[in-house]
Amino acid sequence: MAFVALVTSEAYPNLYEDDLLLVRALDELGIESRPAVWSDAGVDWLSFDALVIRTPWDYFIRLREFRAWLDARITSGVRMCNSSDVLAWNFDKRYLQDLAVAGVSVIPTIVVSRGASPDIVARARARGWNDIVVKPTISGGGYCTHRFRLDDADTYRDDIARILEDRDLLIQPFLPEIMSQGELSLLFFDGVFSHAVCKRPKQGDYRVQFQYGGTTESADVRDEWIADARACLFAAPSLPSYARVDGVTCDGGFVLMELEVFEPLMFLAQHPAAPARFAKAIQRALAVGS
Ligand SMILES: Nc1ncnc2c1ncn2[C@@H]1O[C@H](COP(=O)(O)OP(=O)(O)O)[C@@H](O)[C@H]1O
Ligand SMILES: [Mg+2]
Numbered sequence: 000m001a002f003v004a005l006v007t008s009e010a011y012p013n014l015y016e017d018d019l020l021l022v023r024a025l026d027e028l029g030i031e032s033r034p035a036v037w038s039d040a041g042v043d044w045l046s047f048d049a050l051v052i053r054t055p056w057d058y059f060i061r062l063r064e065f066r067a068w069l070d071a072r073i074t075s076g077v078r079m080c081n082s083s084d085v086l087a088w089n090f091d092k093r094y095l096q097d098l099a100v101a102g103v104s105v106i107p108t109i110v111v112s113r114g115a116s117p118d119i120v121a122r123a124r125a126r127g128w129n130d131i132v133v134k135p136t137i138s139g140g141g142y143c144t145h146r147f148r149l150d151d152a153d154t155y156r157d158d159i160a161r162i163l164e165d166r167d168l169l170i171q172p173f174l175p176e177i178m179s180q181g182e183l184s185l186l187f188f189d190g191v192f193s194h195a196v197c198k199r200p201k202q203g204d205y206r207v208q209f210q211y212g213g214t215t216e217s218a219d220v221r222d223e224w225i226a227d228a229r230a231c232l233f234a235a236p237s238l239p240s241y242a243r244v245d246g247v248t249c250d251g252g253f254v255l256m257e258l259e260v261f262e263p264l265m266f267l268a269q270h271p272a273a274p275a276r277f278a279k280a281i282q283r284a285l286a287v288g289s
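Oh and the sequence shown: position 282 is 281 in numbering that gives the first Met the number 0, straight run, nothing missing.
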């Protein structure tokens with residue numbers, strides 16, 4: 000019987016509720032799974048047939064510690080799902096630049112390297128942006144993400160300097176559609192579209208995450224958006240077993256916010272077939288090369 004770890008964090012020792020549907024679906028395929036907290040030194044990671052990264056949602060806070068953990072797992076040769084090449088590439092939002100080069104419609108993005116002291120106002124103004132978002136290249140759940148008008152940039156100077164002491168930063172124009180239309184998440188298993196949801200911020204906010212009061216509902220999406228989202232998957236180092244493609248629709252087109260193939264919430268509860276599709280994708284990953 001295959002045995003997989005669902006990698007999680009101290010805050011979610013019994014997983015996030017959505018993944019309990021995955022546990023049941025794996026069980027139905029005869030795959031035993033167990034939540035395993037990445038920072039628990041007592042876990043024997045090599046005792047599993049695969050590690051499925053699910054809810055280590057403190058990784059961007061305990062960044063160096065987590066990166067050392069991840070690198071050690073990759074070096075150990077234990078099977079990772081998604082695969083280690085996909086994980087390593089998707090860890091840092093600099094991958095957005097690779098996707099832009101591959102022809103994906105990405106939110107225009109300036110990357111500022113750690114340690115730099117850029118004139119953010121001048122750089123944004125040069126691109127014609129007045130309302131911007133700054134966020135670390137390694138982050139999740141809206142961590143250290145700020146939106147402001149250039150006239151208010153002084154208020155954020157210290158926050159930005161603090162981020163840049165520690166990690167790289169992205170500057171993007173603020174897309175107001177996030178507030179009017181919400182953010183679409185398209186969910187894929189082995190490159191096959193499964194379902195879609197629309198995430199909306201609470202009144203007055205622009206962050207769609209549940210941590211900030213955002214809400215989620217099922218969404219119908221156009222075929223061309225599915226095709227655009229799917230194209231991102233084929234620009235990854237290898238095809239992800241599971242993927243979430245987040246974007247905003249602007250003038251009828253799909254613009255990528257984020258390709259989440261590291262630890263995406265998959266919104267399994269939003270589609271009755273989704274848990275079984277996820278479990279089958281893991282089953283296929285277990286079969287590769289064995
Ligand atoms: N350029 C942007 N325009 C509008 N909203 C944005 C922009 N960038 C980020 N956001 C908001 O902040 C949230 C977090 O940003 P995101 O890039 O998805 O990083 P993460 O989810 O990894 O924290 C998004 O879901 C969205 O609500
Ligand atoms: Mg996001």
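A virtual CB, placed ideally from N, CA and C, is assigned to each residue, including glycine.
- Around the beta carbon of T154, fewer than 16 other beta carbons lie within 10 angstroms, which makes this residue exposed.
- Y155 has its CB no nearer than 6 Å to any heavy atom of ligand 1.
- Taken atom to atom, the span from the alpha-carbon of Y211 to that of G288 is near 42 Å.
- Contact between the stretch 225 to 243 and the stretch 94 to 101 is present: three or more C-beta pairs spanning the two stretches fall below 8 Å.
- The DSSP-derived three-state label of T136 is coil.
- Runs of the alpha helix (DSSP H) spanning 4 or more residues and lying entirely within the stretch 6 to 49 occur at 16 to 27, in chain order.
- Beta-carbon to beta-carbon, L255 and I106 are separated by about 7 Å, close enough to satisfy the 8 Å threshold.
- Counting C-beta atoms within 10 angstroms of its own C-beta, T7 has 16 or more neighbours from the protein chains shown and is therefore classed as buried.
- By the criterion of a C-beta distance shorter than 8 Å, V22 is surrounded in its chain by L5, L14, S32, once the five residues flanking it on both sides are discounted.
- Distances between the C-beta of E257 and the heavy atoms of ligand 2 include at least one below 6 Å.
- Nearest to D43 by alpha-carbon distance, out of R72, E223, L183, is R72.
- Counting along the chain, L98 sits inside no beta strand (DSSP E); it lies in the alpha helix (DSSP H) bounded by residues 94 to 100.
- For Y241, the pairing in a beta bridge is given by DSSP as F188.
- Counting other Cβ atoms within 10 Å of its Cβ, V191 stays below 16 and is therefore classed as exposed.
- In the DSSP assignment, the residues bridged to L169 are V110, K134.
- For the options L149, I52, S116, R122, the alpha carbon positioned closest to that of M265 is the one of I52.
- Within the stretch 216 to 260, the complete alpha helix (DSSP H) segments at least 4 residues long are 222 to 233, listed from N- to C-terminus.
- In the structure shown, A272 falls within a coil segment according to DSSP collapsed to helix, strand and coil.
- According to the DSSP assignment, F147 belongs to the beta strand (DSSP E) that extends over 145 to 148.
- Contact check for V220 against A242 fails: the beta carbons are separated by 7 Å or more.
- CA-CA distance, S240 to S193, rounds to 12 Å.
- Note that the stretch 104 to 118 does not touch the stretch 78 to 89; fewer than 3 beta-carbon pairs, one per stretch, sit closer than 8 Å.
- In the three-state DSSP reduction, M265 falls in the coil class, being neither helix nor strand.
- Boundaries for M0: no alpha helix (DSSP H) harbours it, and the DSSP string shows neither H nor E there.
- Bridge partners of E182 according to DSSP: K198.
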